[in-house]
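If you want this note's numbering, it's the 1-based position in the sequence shown plus 22.
Glycine included, every Cβ here is placed at the ideal spot set by N, Cα and C.
What follows is a single structure, written as structure tokens, with notes after it.
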Amino acid sequence: MPTLTTLKPLVDEEPTNFTALEVSCGKFIDAWLADGGEPTDDEVVGFYSLWSQSLDARGRDEDDFYDWAYPFFVRYRDEVRAYLDRA
Numbered sequence: 023m024p025t026l027t028t029l030k031p032l033v034d035e036e037p038t039n040f041t042a043l044e045v046s047c048g049k050f051i052d053a054w055l056a057d058g059g060e061p062t063d064d065e066v067v068g069f070y071s072l073w074s075q076s077l078d079a080r081g082r083d084e085d086d087f088y089d090w091a092y093p094f095f096v097r098y099r100d101e102v103r104a105y106l107d108r109a
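Structure below.
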């Protein structure tokens with residue numbers, strides 16, 4: 023089972039548009055899966071949720087989706103960062 027240290031290389035991700043947000047969420051998920059985790063694990067489920075919702079917005083509501091999703095991405099990323107800072 024992975025730990026949040028698996029995600030340490032990603033805590034500086036700073037997506038600036040829809041595509042970058044989708045890719046960044048995918049990076050968190052891919053790193054977690056590569057270490058034996060599941061996309062529905064509590065540690066990455068927020069990133070997985072954003073990524074899966076981005077599939078519906080692709081090509082039509084990208085700017086609106088980014089504006090809505092970015093604060094959630096920052097919160098999830100910062101939670102990982104805060105945990106790693108305490109560890």
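A Cβ-Cβ contact shorter than 9 Å links F87 with A79. Secondary structure of T25 (DSSP, three-state): coil.
Of the residues assessed, L29 falls on the buried side of the cut-off, its CB having 16 or more other CB atoms within 10 angstroms. By the neighbour-count criterion, in which a residue is buried when 16 or more other Cβ atoms sit within 10 angstroms of its Cβ, S74 is exposed. Secondary structure at P61: coil, using DSSP grouped into helix, strand and coil.
Your pair E35 and R99 checks out as a contact, with CB atoms roughly 6 Å apart and the cut at 8 Å.
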